[in-house]
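Everything below concerns the one structure shown next.
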Amino acid sequence: MSSSPMTEAMYYVLLALCKPNHGYGLMQEIDRLSAGRMAMGPGTLYGLLRRLEQEGLITLLEDDGRRKSYVITETGKEALFHEYRRLKRLLLDGAFLADWLETEESP
Amino acid sequence: MKWTYRLHYPDYAIGENEQLYEQMAKKGWQLKKRGQILSRFQRQSPADTVYRIELSSPGLFSGTLLPEDLIQFYEDCGWHYVTGYDLVHVFSAPPDTAIQDFYQEPQQQAETVRHLIRSYRRGIMISLVTLLLVLPILLLGNNQNSAAKTYLLSPYLFWIYGLLILVSFWRLIKGWVQSGRLYRSLNKGIALDHRPKKRHRFSRICYGVYLMVLLLLSAATALQVAQARRHPLPTETSEPYLLLSELGDTSPRTQNPFSNDESSVCRGHSVLSTYWDVAEYTSDGYLFQEVYFLHHPALSPDMAPLLVKSAVFARSLEYWTPLSVEGFDWVYASNNSREWIFKKGNWYWYLLCDEDTARQTDVPAQLAKKIHQIEKGEEPHEPM
Chain A
3 MSSSPMTEAM
13 YYVLLALCKP
23 NHGYGLMQEI
33 DRLSAGRMAM
43 GPGTLYGLLR
53 RLEQEGLITL
63 LEDDGRRKSY
73 VITETGKEAL
83 FHEYRRLKRL
93 LLDGAFLADW
103 LETEESP
Chain B
70 MKWTYRLHYP
80 DYAIGENEQL
90 YEQMAKKGWQ
100 LKKRGQILSR
110 FQRQSPADTV
120 YRIELSSPGL
130 FSGTLLPEDL
140 IQFYEDCGWH
150 YVTGYDLVHV
160 FSAPPDTAIQ
170 DFYQEPQQQA
180 ETVRHLIRSY
190 RRGIMISLVT
200 LLLVLPILLL
210 GNNQNSAAKT
220 YLLSPYLFWI
230 YGLLILVSFW
240 RLIKGWVQSG
250 RLYRSLNKGI
260 ALDHRPKKRH
270 RFSRICYGVY
280 LMVLLLLSAA
290 TALQVAQARR
300 HPLPTETSEP
310 YLLLSELGDT
320 SPRTQNPFSN
330 DESSVCRGHS
340 VLSTYWDVAE
350 YTSDGYLFQE
360 VYFLHHPALS
370 PDMAPLLVKS
380 AVFARSLEYW
390 TPLSVEGFDW
400 VYASNNSREW
410 IFKKGNWYWY
420 LLCDEDTARQ
430 TDVPAQLAKK
440 IHQIEKGEEP
450 HEPM
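Line by line, the protein sequences are chains A and B.
Residue 3 is where the first sequence starts when you use the numbering used here, and the numbers rise one by one after that.
Residue 70 is where the second sequence starts when you use the numbering used here, and the numbers rise one by one after that.
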């Protein structure tokens, strides 16, 4: 797994697949997790799932022919934790911006 | 139930095809089936419908169907799978709903176009290999002769073949270039235009004309093949070929001892020639003849070498000697004295008979006599 930053779409898919889910359920879960901020079309999501599966970050849990359920793998979890830590560090590094923002936004 | 058909856009014109289906739905024609060239629509009440095309991405030898789970996924999202042909698969949805479009990132859609580019490239390679394999077979050795003869008898077949190769090749090249352009534009982040302004009118008219010409040529070929059936050989004829009885062989007709074929004649007509292919068998002899009347000698192959090369025995020019026979422009006889080639105006004859008939009868003189008789009184089938 490369240590380059994940795309936002990848991050949310891995996040949503901490619990097993299939295509449409996954879309709804991503919508819920991002509070509607992350809109992902079925074509985009399907392509992403295939890529993540090829990279070993998620695995196929169930396939009844019509629907495929996926879940995150240990490698996927590692990548997700790595990304989470990276984002958290970025946030902490820029924590002083919160004070600036408060000052700028105050009337 | 009313149906109508429309010529759809090529596979790479995704937005144009989507728009065509939307416009048809608005006019009350719902898409039911997409074929290779045409799309079929069923009469229904006019409706605003959104159409989206998804390209399947098969591996080299897998099918072109969309995966079942992908279709189910799209349907779960509110899209309805309508039809698909080859790599192009069409979904529809009612408008103004919260249904998500397939792609938000053009780069991701670009991935699906890669397979389209690959399929065009593969088509070009297959066409080139086929052409490289077929052309030598067609143009080398004795096949060249057969090809020239087929051209003379069924020129439409050649035109169909030529048109098919040229237009298919052109469309494959154009598809390859255009899908490559689409791929690069999507990869740059430019979203697919679902309502393109370009109508490709000229190329659609040209393609329509091409299809019509192809259809007409095919019909003409079918008609020509149907007309050129073999018939039992008559016992008397005023057509421009000889019968064994006219060469003094009055023995009863039999069958070809090898193939059991009856004595027969096949008269055919093409835009380039009218021809007779005659085979006669009696208990004492046989006679094979090919007679050609060229309607357009300038457009026809050179007949002398053609008839020499397709002769049964003397297949090389060195086996032939010129004869002087009154009534013909030129006559050649083979060294075995059983084969002759004649020319008179736009008429050509090739004759082959058994040894006894050739020895006992002056075949060229008999043919000259018969032609003279036809010219004098009896009605020939073509002007002589």
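The beta-carbon is built from N, C-alpha and C at its ideal position, and this holds for glycine as well.
**OP:** Could you check the C-alpha separation between residue 208 of chain B and residue 386 of chain B for me, to the nearest Å?
**Re:** Residue mapping note: residue 208 of chain B aligns to position 139 of the second sequence, counting from 1. Residue mapping note: residue 386 of chain B aligns to position 317 of the second sequence, counting from 1. Approximately 19 Å, taken between the alpha carbons.
**OP:** Express the C-alpha separation of residue 48 of chain A and residue 152 of chain B in angstroms, rounding to a whole number.
**Re:** Taking the second sequence and counting its residues from 1, the one referred to as residue 152 of chain B is at position 83. Taking the first sequence and counting its residues from 1, the one referred to as residue 48 of chain A is at position 46. When rounded, the distance between both Cα atoms is 20 Å.
Original post:
Got a sec: is the Cβ-Cβ distance from residue 173 of chain B to anything in chain A below 8 Å?
Top reply: In the second sequence, the residue the question calls residue 173 of chain B occupies position 104. Taking Cβ atoms only, chain A reaches closer than 8 Å to residue 173 of chain B, which makes this a yes.
Subject >> Boundaries of the alpha helix (DSSP H) in which residue 445 of chain B is found, first to last residue >> reply: Stepping through the second sequence from its first residue, residue 445 of chain B is reached at position 376. Unbroken alpha helix (DSSP H) run through residue 445 of chain B: 432-445.
Subject >> Partners in chain A for residue 139 of chain B, counting only beta-carbon separations shorter than 9 Å >> reply: Numbered from its first residue, the second sequence carries residue 139 of chain B at position 70. Those within 9 Å of residue 139 of chain B in chain A are 25, 44, 45 and 48.
Original post:
If you scan the region 3-54 of chain A from start to end, which runs of the alpha helix (DSSP H) of 4 or more residues do you find wholly inside it?
Top reply: Runs of the alpha helix (DSSP H) spanning 4 or more residues and lying entirely within the region 3-54 of chain A occur at 10-18 and 25-35, in chain order.
Original post:
If you run the structure through DSSP and keep just helix, strand and coil, what is residue 83 of chain B?
Top reply: Along the second sequence, one-based indexing puts residue 83 of chain B at 14. DSSP places residue 83 of chain B in helix when its eight states are reduced to three.
Original post:
Hey, is the region 157-168 of chain B in contact with the region 101-120 of chain B, meaning 3+ C-beta pairs nearer than 8 Å?
Top reply: The region 157-168 of chain B, when compared against the region 101-120 of chain B, does touch it at the 8 Å Cβ threshold.
Subject >> residue 41 of chain A: contacting residues in chain B (beta-carbon distance under 7 Å) >> reply: In the first sequence, residue 41 of chain A corresponds to position 39, counting from 1. Those within 7 Å of residue 41 of chain A in chain B are 169 and 173.
Original post:
How about residue 146 of chain B: is its C-beta nearer than 8 Å to some C-beta of chain A?
Top reply: In the second sequence, counting from the first residue as 1, residue 146 of chain B sits at position 77. Yes, contact with chain A.
Original post:
Do you know offhand how far residue 351 of chain B's Cα is from residue 312 of chain B's?
Top reply: Translated into positions along the second sequence, residue 351 of chain B becomes position 282. Translated into positions along the second sequence, residue 312 of chain B becomes position 243. Taking the straight line joining both Cα atoms gives about 11 Å.
Original post:
Shorter than 8 Å from the beta carbon of residue 252 of chain B to some beta carbon of chain A?
Top reply: Position 183 of the second sequence, counted from the first residue, corresponds to residue 252 of chain B. Residue 252 of chain B does not count as touching chain A.
Original post:
In the DSSP assignment, what are the bridge partners of residue 257 of chain B?
Top reply: As a first step, residue 257 of chain B must be located in the second sequence, where it is residue number 188. Residue 257 of chain B pairs with nothing; no bridge assigned.
Original post:
Got a sec: is the Cβ-Cβ distance from residue 90 of chain B to anything in chain D below 8 Å?
Top reply: This model lacks chain D altogether, as its protein chains are A and B.
Original post:
Based on the DSSP secondary-structure assignment, which residues constitute the bridge partners of residue 363 of chain B?
Top reply: By one-based count along the second sequence, residue 363 of chain B stands at place 294. According to DSSP, residue 363 of chain B bridges with B:342.
**OP:** Within 10 angstroms of the Cβ of residue 105 of chain A, are there 16 or more other Cβ atoms? Answer buried if so, exposed if not.
**Re:** Locating residue 105 of chain A in the first sequence gives position 103, counting from the first residue. The residue is exposed, with fewer than 16 neighbouring Cβ atoms inside 10 Å.
Original post:
Does the beta carbon of residue 110 of chain B come closer than 8 Å to any beta carbon on chain A?
Top reply: Counting from one through the second sequence, the residue named residue 110 of chain B turns up at place 41. No - not a single Cβ of chain A is within 8 Å of the one on residue 110 of chain B.
Subject >> Opening and closing residue of the alpha helix (DSSP H) in which residue 145 of chain B lies >> reply: In the second sequence, the residue the question calls residue 145 of chain B occupies position 76. 137-145 is the span of the alpha helix (DSSP H), which, as asked, contains residue 145 of chain B.
Subject >> Cβ separation of residue 140 of chain B and residue 150 of chain B, assumed to be a contact under 8 Å, to the nearest whole Å >> reply: Within the second sequence, numbered from 1, the residue matching residue 140 of chain B stands at position 71. Within the second sequence, numbered from 1, the residue matching residue 150 of chain B stands at position 81. 5 Å between Cβ atoms; contact.
Original post:
In its own chain, which residues sit with a C-beta less than 7 Å from the C-beta of residue 405 of chain B, not counting the 5 before and 5 after it?
Top reply: Within the second sequence, residue 405 of chain B is the residue found at index 336, counting from 1. Only 382 and 383 meet the Cβ criterion.
Original post:
Just reading off the alpha helix (DSSP H) that residue 90 of chain A is part of, what are its end residues?
Top reply: Taking the first sequence and counting its residues from 1, one reaches residue 90 of chain A at position 88. Taken as a continuous stretch (DSSP letters only), the alpha helix (DSSP H) holding residue 90 of chain A covers 76-95.
Original post:
Shorter than 8 Å from the beta carbon of residue 180 of chain B to some beta carbon of chain A?
Top reply: In the second sequence, counting from the first residue as 1, residue 180 of chain B sits at position 111. Closer than 8 Å: yes.
**OP:** Give a yes or no on contact between the region 354-366 of chain B and the region 422-429 of chain B, applying the rule of three or more CB pairs nearer than 8 Å.
**Re:** yes
**OP:** Please state whether DSSP places residue 309 of chain B in a helix, a strand or coil.
**Re:** Taking the first residue of the second sequence as 1, we reach residue 309 of chain B at position 240. In this structure, residue 309 of chain B counts as coil in the three-state DSSP scheme.
Original post:
Measuring CA to CA, which of B:309, B:374, B:377 and B:314 is closest to residue 446 of chain B?
Top reply: Counting from one through the second sequence, the residue named residue 446 of chain B turns up at place 377. The residue with the shortest Cα to Cα distance from residue 446 of chain B is B:309.
Subject >> Exposure of residue 9 of chain A, with buried meaning 16 or more beta-carbon neighbours within 10 Å >> reply: Sequence index remark: in the first sequence, residue 9 of chain A carries index 7 (1-based). Classification for residue 9 of chain A: exposed.
Original post:
Considering residue 101 of chain A, what are the terminal residues of the alpha helix (DSSP H) in which it resides?
Top reply: The sequence position of residue 101 of chain A within the first sequence is 99, counting from 1. In the DSSP assignment, residue 101 of chain A falls within the unbroken alpha helix (DSSP H) covering 98-107.
**OP:** Determine the DSSP secondary structure at residue 318 of chain B, reduced to helix, strand or coil.
**Re:** Working through the second sequence from its first residue, we reach residue 318 of chain B at position 249. In this structure, residue 318 of chain B counts as coil in the three-state DSSP scheme.
**OP:** Report the three-state DSSP secondary structure of residue 151 of chain B (helix, strand or coil).
**Re:** Counting from 1 along the second sequence, the entry for residue 151 of chain B is found at position 82. In this structure, DSSP gives residue 151 of chain B an extended state, which the three-state scheme calls strand.
Original post:
Any Cβ of chain B within less than 8 Å of the Cβ of residue 14 of chain A?
Top reply: For this step, residue 14 of chain A is matched to residue 12 along the first sequence. For residue 14 of chain A, the answer is no, since every Cβ of chain B falls outside 8 Å of its Cβ.
Subject >> Residue nearest to residue 349 of chain B in terms of C-alpha spacing, selected from B:389, B:318, B:361 and B:363 >> reply: Counted from its first residue, the second sequence places residue 349 of chain B at position 280. Ranking B:389, B:318, B:361 and B:363 by Cα distance to residue 349 of chain B puts B:318 first.
**OP:** Check the Cβ-Cβ distances between residue 21 of chain A and every residue of chain B, and say whether any is below 8 Å.
**Re:** Translated into the one-based positions of the first sequence, residue 21 of chain A becomes position 19. So, not an interface residue.
Subject >> Unbroken beta strand (DSSP E) run spanning residue 110 of chain B, endpoints >> reply: In the second sequence, the residue the question calls residue 110 of chain B occupies position 41. That run of the beta strand (DSSP E) goes 107-112.
Subject >> Nearest-angstrom Cα separation, counted from residue 32 of chain A out to residue 98 of chain A >> reply: Against the first sequence, residue 98 of chain A aligns to sequence position 96. Against the first sequence, residue 32 of chain A aligns to sequence position 30. Taking the straight line from one Cα to the other gives about 30 Å.
Subject >> Within-8 Å CB hit, residue 88 of chain A to chain B >> reply: Taking the first residue of the first sequence as position 1, residue 88 of chain A is located at position 86. It does not: the Cβ of residue 88 of chain A has no partner Cβ on chain B nearer than 8 Å.
**OP:** Look at the alpha carbon of residue 417 of chain B and the alpha carbon of residue 335 of chain B, and state the distance between them as a whole number of angstroms.
**Re:** Within the second sequence, residue 417 of chain B is the residue found at index 348, counting from 1. Within the second sequence, residue 335 of chain B is the residue found at index 266, counting from 1. The alpha-carbon atoms of residue 417 of chain B and residue 335 of chain B are separated by roughly 16 Å.
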